[in-house]
Amino acid sequence: MRTQQGTPVRREAYQPLAYGVETVDLDFLLDPKATQVSSRLVCVRNPDAPAGPIVLFGEGLELLSLHIDGAEPAAGQLRKTDSGLELDVSAERVVLDIVTRIDPSANLTLSGLYQSRGGYYTQCEAEGFRSITYFPDRPDIMARYTVRLEADAAACPVLLSNGNLLETGNLPNGRHFARWEDPFPKPSYLFALVAADLKALERKVDTASGREVLLQVWVEERDLDRVGHAMDSLIHSMRWDEEVFGLELDLDRFMIVAVSDFNMGAMENKGLNIFNTKYVLANPETGTDLDFENVESVVAHEYFHNWTGNRVTCRDWFQLTLKEGLTVFRDQQFTADMMARASDSPDAAASARAVTRIANVRGLRGGQFPEDAGPMAHPIRPDSYQEINNFYTATVYQKGAEVIRMLHTLLGREGFRNGMDLYFSYHDGQAVTCDDFVGCMAEANGADLDRFMRWYSQAGTPRLKAEGVYDPAGRSYSLTLSQSTPATPGQADKLPLHIPVAVGLIGADGVDLPLQLEGEAHAGDSTRVLELKDASQTWRFTGIDAEPVPSLLRGYSAPVILDVVEDDARLAFRMAHDSDPFNRWDAAQRYMERVALALAAEAAAGRPMEVPQAFGHAFRALLVNASLDPAFVAETLALPSEAYLLERMQPADPAPLRAALIHLSRELGQALQGDFLARYMDLEVDGEYRYHPADAGKRALRNLCLRYMMAWGGPTAVQLASLQFKTAGNMTERYGALAALVQSDAPERLEALEAFHERYKDDALVLDKWFLLQACAWRWSADAPATLERVRALMDNPAFSLSNPNKVYSLLGGYFKANAAEFHREDGAGYAFWAEQVVALDRNNPQVASRMARALEGWRKFTPAIQARIRVVLEQVAGAEGLSPDVTEIIGKALA
Ligand code: B3K
Ligand code: ZN
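Residue numbers (my numbering): 4 to 899.
Laid out in structure tokens, this is it:
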């Protein structure tokens, strides 16, 4: 039962509760249909809060009994409210005994206590604990927990909860029990239990201070051959946090559990991280290089939460980016360090770091920019929400991480570390705010971050405009940077932000110039961080003998859209010479974007499309440059995502854009067929598969070459792809070949899809890839079968299930979010299908439904004709009966 439909919660309305909780003792009698939960709470008056009752939230619970200090409540002492219960008490300290009953087998929301493949699992963030028992379920209520679990020993031989294991034992009737204790106070959202038939891979390792800890990764027995990489990733994460931040694991035991039915990637429950199988299981036969990378970064992310999130947590959910932005930044830094460490030269290390950064920025531009430009736009610290689960967003996570990165850029590595140390010294064991965090950064560095705080309160992607003027007589170059942020819903006026802009100037010979600002005695490094704080500021570089080419926002030093006039020649120059690898990639992307959007305009006008020759030359120069890291080249030559291009196209029109991208790929594939083939041939990786950035880079570029060759078509491409498909020794190559074949109309396409299905039909995670690939398929010829019909047919595949989020994200999410031209087909059939699926999903799992609903929130960027068609289905869903608050909020904001 969801309550309070439509009533927004406001950040400003925060009030501490009159009573906190000191200790929680839970006892679970696990049963599929009738699990009994007994809870003893020691509630203590909070002297800093206004007087009031004990507030307990509860949702969908059957209350069996409630005692206050051992007695039944007096008449009128206990009140039912919309969100749970309130108890009037006068003592400073009160012991509550509450017994409730719940039905895990009927819980399809995958929030609270639910079942998956016969086991019991919990997910409590953000507000799932209240559907397990009555509790002041807010992150500022931190308590110490003990947990007793009792279950059928045959069905659930493994019983886990947070912290340390105290005791296990057998009981009559084939049941058994375990008792756990978590020594650290925690908010209820970090509570977890698992009762299931699982096996563990175990390792014992010493922490930096020499304490031995037990690490376990729990999976179903059949998956034990896929957990080694997750374990290695966990150990690497521990070491990294010790070395880089001086943070050690604080428990004697750390557990990861993999579950097939899970709404998001993973969850950082104290000492008992619960993961979507997708981010634990990977071996060369079943996981691609990207899967290996994702497992490593998600394991790291959840592990890093132990300090940034668990030891210091959020005061309220508006502060979510306090833990998420910071932890994403930490996992990004970790990945970059891991990639760099595996490289064999400083250049290779720099390139590997850039590849990581490029992936971060691709995610930001493709996922967060559209959010910031649409009806869901919100600051990284939102001011209000209707359903908190809708605010685990790209803005809170990815833009939040960019904001932390800017602090790191402004304060430097050491200054940032000092700020972190101060943060833990002040706030360990507390539930705090974003202001507390930035306050520590400012205090540790004597820095003024007042204006910087605006990043926390302003929504929208800022535009950064740059204009340079060269003065030959004065041998100087003046750079004027100006900023503005477009209005977003509910936030019309924007103030200037504090923006770090890393700048370099490139000389005519392609070499960076040493930078000397007016008034400085000496020239310094060739990259300088300028701090833009006002609407517009000018910097004058001196001692410049000829007009330079500026390289702005190096490393993507701020999450803004850079507006600078650069002609094609200048983009090609930076593609060839920019010493900052990120900006070199960005120059290529900008050039490609320009070409793609120009082609799309021609296609929209029904005129012939022509790819500029100069672009082909610049592209080729990178393709054949064997001295560059293949991973970097692959990123550079990959098309910008459609999602990003649609944001840049005004008005957005998916059909001509798709036509343009197909045309561009084909033309490049044809013009450079010899070069693609040559690179394809010499990039083959010998020997046994290992997950290593050097090998992964070669495979990535090789697969990219194959796709361009396939775009042009012809028998050679089909033969190569078929051969690679049949002889591949690992999933990266097999899947890469399948992805290329799916682009063709040759009979080999269907053969390969069928062979892949036959081989992996019992392997859920691999099948997810197969569903995804077909959902995202482009139509390379007019008579290729329509994607929607294929997607509908695939829903009947026995392996597909609407109640498994991974399946929904692959097949429906792939179609709604990663196949614009097919989804937005002119007859509106894609939209009708969307409406039908959103409403169906919402009946069981509002969080998943809401994610799918978001596929159309950006509808106002499209052409008027498309908007008119979308409005019809938005209104149709808005009128559906019994809609969850999750979907109601999304549709309501879209239509507002
Ligand atoms: N903190 C969780 C996300 C919980 C989402 C709740 N709807 C995973 C993470 O960010 O690490
Ligand atoms: Zn997180």
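Even glycine gets a Cβ: it sits at the ideal position worked out from N, Cα and C.
Met270 is bridged by DSSP to Ile277.
Take the alpha-carbon of Arg333 and the one of Met734: they are about 29 Å apart.
Counting of Cβ neighbours within 10 angstroms places Leu675 among the buried residues, the total reaching 16 or more. In this structure, Tyr137 keeps its C-beta atom at 8 Å or more from the C-beta atom of Leu201.
Look at Cys46 here: in three-state DSSP terms it is strand. Put simply, of Val197, Lys864, Asn309, Asn586 the residue whose alpha carbon is nearest the alpha carbon of Gly121 is Val197. For the pair Lys764 and Ala802, the CB atoms are nearer than the 8 Å cut-off. In this structure, Phe257 is the residue among Asp226, Val247, Asp845, Phe257 with its C-alpha nearest to the C-alpha of Leu237. Nearest Cα to Val220 within the set Glu296, Val302, Pro188, Gln673: Val302.
By DSSP's assignment, Ser554 forms a beta bridge with Gly507. Residue ranges of uninterrupted beta strand (DSSP E) with 3 or more members, entirely inside the stretch 155 to 240 and ordered along the chain, are 161 to 164, 167 to 173, 178 to 189, 196 to 199, 202 to 209, 215 to 222.
Neighbourhood of the ligand ZN, defined by CB distance below 6 Å to any of its heavy atoms: His304, His308, Glu327, Thr330, in chain order. Counted as a single uninterrupted DSSP element, the beta strand (DSSP E) harbouring Trp542 occupies residues 539 to 545.
Inclusion of Arg454 and Lys402 in the CB contact set at 8 Å is not warranted, their separation being larger than that value. Selection Leu723, His760, Glu757, Glu761 evaluated against Ala743 yields Leu723 as nearest (Cα-Cα).
Here the distance from the Cβ of Gly366 to the nearest heavy atom of the ligand B3K is not below 7 Å. Residue state for His70 is assigned as strand, using DSSP reduced to three classes. In terms of CA proximity to Val102, Ser134 leads the group Tyr123, Ser86, Ser134, Glu95. Taking Val880 as the centre and dropping the five residues before and after it, the same chain places the C-beta of Ala838, Val841, Val842, Ala856, Leu886, Val890, Ile894 closer than 8 Å to its C-beta, in chain order. Per the Cβ contact rule, the stretch 665 to 675 is in contact with the stretch 594 to 608 (3 or more Cβ pairs under 8 Å). When C-alpha distances from Thr338 are compared across Val636, Glu299, Ser354, the shortest belongs to Glu299. Judged by the Cβ position, Met409 fails to qualify as a neighbour of the ligand B3K at the 7 Å threshold, every heavy atom of the ligand being at least this far.
Considered as a whole, the stretch 433 to 518 harbours 437 to 448, 457 to 460 as its complete alpha helix (DSSP H) runs of no fewer than 4 residues, in chain order. Rounded to whole angstroms, Arg43 and Gly463 show a C-alpha spacing of 46 Å.
Per the coordinates, the alpha-carbon of Lys83 lies some 22 Å from the alpha-carbon of Leu29. Looking at the DSSP output, Cys317 bridges to Val435. Exposure of Pro53 is indicated by the presence of fewer than 16 other C-beta atoms within 10 angstroms of its C-beta. The C-beta separation of Ala146 from Pro186 comes to about 12 Å, leaving the pair out of contact by the 8 Å criterion.
As summarised for the stretch 574 to 662, the continuous alpha helix (DSSP H) elements at least 4 residues long and confined to that stretch are 584 to 607, 616 to 626, 633 to 640, 645 to 651, given in chain order. In this structure, the alpha-carbon of Asp799 lies about 24 Å from that of Asn279.
Distance between Ala767 and Asp235, taken at the CA atoms: about 23 Å. For Arg182, the closest C-alpha among the options Ser539, Thr436, Asn165, Lys729 is that of Asn165. Nearest to Glu605 by alpha-carbon distance, out of Asp571, Pro517, Val627, Ala663, is Ala663.
Taking a cut-off of 8 Å for Cβ pairs, the stretch 471 to 484 and the stretch 543 to 553 touch, as three or more such pairs fall below it. The three-state reading of DSSP puts Glu417 in helix, counting H, G and I together.
Shortest gap from the CB of Tyr306 to any heavy atom of the ligand B3K: 7 Å or more.
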